[in-house]
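See below for the structure under consideration.
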Amino acid sequence: MPKFKLGQAKRVANITFEGTDFDGLTVRCGLDLPLKTVMEIQKLSASEKQTEKVKANTIWCNEVLETWNLTDDDGKDIPATAESALAVAPARLLAFLITKWAELVSEPPANLSKPQSDTVMLEALANQSQ
């Protein structure tokens, strides 16, 4: 059996903000993280403690955030890094990004949400035997 590299199935999302205060912003983020990291971000985000929310944002920016088209008021690019995001980006933007990402990361890939051909064949065989 040939080897399969995890990077071959890497999923990313481009999150946009049409019709909001952030209309025009596009954020590219990774969707395929280890389950342990996903659960840690979700747990820390749900906490009432400010320090844990900051930690969730830091992990998210370091592990998930890939690129964005965010600039300051002078048009200078703001790097897509935890340091820049936590220092400059509004808290509501980061909260929204983590919430939207959490929804997307839990969705199965499109080809897994459709019945596989062997499933259809097995159902047909089961129906024939009745």
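Its first residue numbered -9, the sequence shown is counted upward by one per residue in the working numbering. Virtual Cβ for every residue (Gly too), placed ideally from N, Cα, C.
What residue range does the alpha helix (DSSP H) around residue 5 cover?
Here residue 5 belongs to no alpha helix (DSSP H); instead the beta strand (DSSP E) covers 2 to 6.
Considering just the uninterrupted stretch of the beta strand (DSSP E) at residue 131, what are its terminal residues?
Examination of residue 131 is not possible in this model, given that the chain is present from -9 through 120 alone.
How about residue 18 and residue 50: are their beta carbons less than 8 Å apart?
No, these two residues do not count as a Cβ contact at 8 Å.
Mapping DSSP to helix, strand and coil, what is residue 97?
Residue 97 falls in the coil class under three-state DSSP.
Give the DSSP-derived three-state secondary structure of residue 10 in the structure shown.
Correct three-state label for residue 10: coil.
Considering only the beta carbon of each residue, do residue 60 and residue 46 sit closer than 8 Å?
Contact: no.
If I'm right that residue 1 touches residue 23 with Cβ under 8 Å, what's the distance once you round it to whole angstroms?
Contact between residue 1 and residue 23 is absent: CB atoms are separated by about 10 Å, not below the 8 Å threshold.
Bridge partner(s) assigned by DSSP for residue 67
Residue 67 is bridged by DSSP to 61.
Where residue 77 falls, given that 16 or more other Cβ within 10 Å makes a residue buried
It is exposed - the Cβ of residue 77 has fewer than 16 other Cβ atoms within 10 Å.
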